[in-house]
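Participant: Can you keep this structure in mind? I'll have questions shortly.
Number of protein chains: 2
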Amino acid sequence: MAVVATLSDNPSPSPSIQPLVDIVSGGMAEVNELILSKAGSNVELIPEIAKHLISSGGKRLRPMLTLACADMFGYRGNGHVTLAASVEFMHTATLLHDDVVDESDMRRGKLAARKLWGNQASVLVGDYLLGQAFKMMVDVGSLEALRILSEASAIIAEGEVLQLGAAKNINTSEADYLRVIEAKTAALFAAAAEVGPVIAGQDAPMKKAARTYGMELGYAFQLVDDALDYGGSASDLGKDIGDDFREGKITLPVVLAIQRGSDADTAFWKRCLEGEGVSDADLEEAISLLKKYDALSDTIERARTYGQNALDALDALPSGPHKDALADAVAFCISRVS
Amino acid sequence: MAVVATLSDNPSPSPSIQPLVDIVSGGMAEVNELILSKAGSNVELIPEIAKHLISSGGKRLRPMLTLACADMFGYRGNGHVTLAASVEFMHTATLLHDDVVDESDMRRGKLAARKLWGNQASVLVGDYLLGQAFKMMVDVGSLEALRILSEASAIIAEGEVLQLGAAKNINTSEADYLRVIEAKTAALFAAAAEVGPVIAGQDAPMKKAARTYGMELGYAFQLVDDALDYGGSASDLGKDIGDDFREGKITLPVVLAIQRGSDADTAFWKRCLEGEGVSDADLEEAISLLKKYDALSDTIERARTYGQNALDALDALPSGPHKDALADAVAFCISRVS
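Residue numbers (my numbering), protein chains in the order written: chain V, 571 to 908; chain H, 571 to 908.
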């Protein structure tokens, strides 16, 4: 199998998500319209919260994957738009519940919904969006797509419960943490990509290739996010640096630093992550430890490996502008942190 | 159309749920087994919480409706068992999220899951059970049952958001409140009953009759619950009297008492329900106002009307022991409070 591209000799000097955005722009306009209409309700609070979240500028990477992975097979129909909107609703519901669980104050640089409307409304509007997501999937009528997405839904929740256990536990291993991000991020990326060839009536190898692409991209995406939280600029992430640290979240950079650090370092991480609050000086100390033990650069290196796996998976898929755009998306994802 | 039975001249001296329990006992054994196996997870907290909730002695009325409404058509297969387990998971997920939203301390006479494991775990395990519910429905493979249950899921969440607005608002009208209970209780009863004839391959009139039976029974059930919260014995409900009152919940008895009361009464309800805590003396005063304005007896009267509507809906369904057991269930429901 010829390798589509490698991340180290990517031809584009500054990799961009733009080719993907451009190639699915027609479908995304329909997705956005559907999202706004399905977030409607006579119960005023629902569209209010949904619109706040939906208009707050996420990249909508997941629904773009669904569209591109159907369009690349010349799919003619509307099912991919509806599935893409379902995927975004599932993601949005997860964000609403996550913020409640993590007690987050900010989401994408804006006040989190739970700070504006309360935890109660965030829980219930998340439930509503999930219900709407399933209704939309049923409208499409593909039991296979329903199976893939409902499976993802259960896995995401399972991963969140798992993370709850790991959240403040400095004994979390790299393997534990990878299980968490497979469930909380990679599973939905994988499902979003897989339902593309499913709705386009493709056979098992195509479905598997799209699923693998999504899964590996999801891992890469999450690890980049983890590294950015300690090193990117605030504007990149739409949130302040150190959010994970302040919330006591164990992410891969921290797992690596703890593994490699001294007993004194472990005591520091324990106090910061299992304790009741940290200072700005603690955050500075944390970043300096992450650098000392190459924890950030090794996290990025692992992200790069997953990114390469995603590119390899593209091999099996049909050549053309959609495949190229999906390859660019991988490079873009990694470039955010390089 | 001949009326099956009326509530006022019910032949049974003490109406019982037992005929329904007995007639679906084989199926319910399979439902319970399926529930326990599907509540399993490698993430320990999930089976722990799920088993706590599932073993805490709910009547499982909803899955029994699904089984009886399929069995009455001589359905041979296993789909009704899986759908019944899905319905119970949807209900259990709702209870977990409800307790978080209502800040409840008790559920069916036991500490609420959120008091034992925290709000975070309750939110996430609810999400997990909902994901499992959808996976099970997909296993059954009936898009029509999926449509009915996913619709119910969105409606339940919408109703909970609606109730959030009404919860501490003494201007809630009877019509507002009936919308809330249609969504939060009656919709799932209706869906649970309707999927019976759906899986049994019945035509529209049978599906409609089962749906109407479930819907009307759901209304009756909720209004009886509302009345019991101010008048039943604690052991009946598995929770203390006055829980709704202490949580500032507006229910039909309160709506009626406010409508009929003086300005001084309104000030009392406003202080108690919109304020920050009530005393035992407040609860006594509330019960005495409810009695003064016939608010409890009129709530029960309305429940009786819905119960009669449920019996009328049974007319269209095939005669036999299942229909008789479903009629007894209505009478039992009303008798809890008469």
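For glycine and all other residues, C-beta sits at the position ideal for the given N, C-alpha and C.
Buried or exposed: where does residue 649/V fall if 16 or more other Cβ atoms within 10 Å of its Cβ makes it buried?
Facilitator: buried
Participant: Report the option in 652/H, 622/H, 626/H, 644/H whose CA atom is closest to the CA atom of residue 599/H.
Facilitator: 652/H
Participant: Buried or exposed: where does residue 862/V fall if 16 or more other Cβ atoms within 10 Å of its Cβ makes it buried?
Facilitator: exposed
Participant: Identify the contact partners of residue 646/H in chain V, using a Cβ-Cβ distance below 8 Å as the criterion.
Facilitator: Result: empty, since nearest Cβ-Cβ is about 22 Å, beyond 8 Å.
Participant: Can you give me the C-alpha to C-alpha distance between residue 892/H and residue 770/H, rounded to a whole angstrom?
Facilitator: Residue 770/H has its alpha-carbon roughly 14 Å from the corresponding atom of residue 892/H.
Participant: Could you name the residues of chain B that residue 691/V contacts, counting a contact when the two beta carbons are closer than 8 Å?
Facilitator: Considering every chain present, this structure includes no chain B. Its protein chains are V and H.
Participant: How about residue 753/H and residue 726/H: do their beta carbons lie closer than 9 Å?
Facilitator: Between residue 753/H and residue 726/H, the C-beta spacing is below 9 Å.
Participant: Spatial neighbours of residue 733/H within its chain, please: CB distance less than 7 Å, with the 5 preceding and 5 following residues excluded, ordered by chain position.
Facilitator: 750, 754
Participant: Roughly how many angstroms lie between the CA atoms of residue 824/V and residue 904/V, to the nearest whole one?
Facilitator: 19 Å
Participant: Please list the partners that residue 705/V has in chain H, where partner means a Cβ-to-Cβ separation under 7 Å.
Facilitator: 720, 721, 724
Participant: By the 10 Å Cβ neighbour count, where 16 or more other Cβ atoms means buried, how is residue 686/V classified, buried or exposed?
Facilitator: exposed
Participant: State yes or no: is the beta carbon of residue 803/H nearer than 9 Å to at least one beta carbon in chain V?
Facilitator: Residue placement at residue 803/H is flagged as unreliable, the pLDDT there being 41, under the threshold of 50; the coordinate-derived value follows with that caveat. Not closer than 9 Å to any Cβ of chain V, the Cβ of residue 803/H fails to qualify, so no.
Participant: What residues from the stretch 761-787 of chain V come within 8 Å of chain H, judged by C-beta to C-beta, listed N to C?
Facilitator: none
Participant: So residue 587/H is in the alpha helix (DSSP H); what residue range does that whole segment cover?
Facilitator: Per DSSP, residue 587/H lies in no alpha helix (DSSP H) segment and is marked neither H nor E.
Participant: Is the Cβ-Cβ distance between residue 883/H and residue 783/H less than 9 Å?
Facilitator: yes
Participant: What's the gap between the Cα of residue 716/H and the Cα of residue 722/H?
Facilitator: Residue 716/H and residue 722/H: Cα-Cα distance of roughly 10 Å.
Participant: Kindly list, in the order they appear in chain V, the residues whose Cβ is closer than 7 Å to that of residue 727/H.
Facilitator: Counting only Cβ-Cβ distances below 7 Å, residue 727/H has contacts in chain V at 694, 697, 698, 701, in chain order.
Participant: Beta carbon of residue 693/H, beta carbon of residue 693/V: below 9 Å?
Facilitator: yes
Participant: Quick one: what does DSSP say residue 692/H is sitting in, helix, strand or coil?
Facilitator: helix
Participant: From this set, 780/V, 702/V, 680/V, 828/V, which residue's C-alpha is nearest residue 660/V's C-alpha?
Facilitator: 702/V
Participant: Taking residue 614/H as the reference, give the member of 800/V, 835/V, 729/V with the closest Cα.
Facilitator: 729/V
Participant: Return no unless some Cβ of chain V is closer than 9 Å to the Cβ of residue 711/H.
Facilitator: yes
Participant: Under DSSP, the alpha helix (DSSP H) around residue 862/H begins and ends at which residues?
Facilitator: Its alpha helix (DSSP H) spans residues 850-862.
Participant: Listed from N- to C-terminal order along the chain, which residues in the stretch 595-622 of chain V have their beta-carbon within a distance smaller than 7 Å of any beta-carbon of chain H?
Facilitator: 611, 613, 615, 616
Participant: Taking residue 589/H and residue 796/H to be in contact with their CB atoms under 8 Å, please state how far apart those CB atoms are, rounded to whole angstroms.
Facilitator: In fact, because the Cβ distance is near 26 Å, the residues do not count as touching under 8 Å.
Participant: Can you confirm whether residue 907/V, when its beta carbon is compared against all beta carbons of chain H, has any partner nearer than 9 Å?
Facilitator: no
Participant: With a threshold of 9 Å between beta carbons, is residue 671/H in contact with chain V?
Facilitator: yes
Participant: With the cut-off set at 9 Å, would you say residue 902/H and residue 772/H are in Cβ contact?
Facilitator: No, they are not a contact pair.
Participant: Using the Cβ count rule (16 or more neighbours within 10 Å means buried), how would you classify residue 775/V?
Facilitator: exposed
Participant: Go through the stretch 756-841 of chain H residue by residue and report every complete run of the alpha helix (DSSP H) that reaches 4 residues or more, in order.
Facilitator: Entirely contained in the stretch 756-841 of chain H, the alpha helix (DSSP H) runs reaching 4 residues are, in chain order, 757-769, 774-801, 804-807, 813-816, 822-830.
Participant: Under 8 Å between beta-carbons, which chain V residues line up against residue 708/H? List them in chain order, please.
Facilitator: 713, 716, 717, 720
Participant: Rounded to whole angstroms, what is the Cα-Cα separation between residue 879/H and residue 800/H?
Facilitator: 25 Å
Participant: DSSP on residue 601/V, reduced to helix/strand/coil?
Facilitator: helix
Participant: For residue 616/V, name the three-state secondary structure that DSSP assigns.
Facilitator: In the structure shown, residue 616/V adopts helical secondary structure according to DSSP, grouped into three states.
Participant: Is any beta-carbon of chain V found at less than 9 Å from that of residue 667/H?
Facilitator: yes
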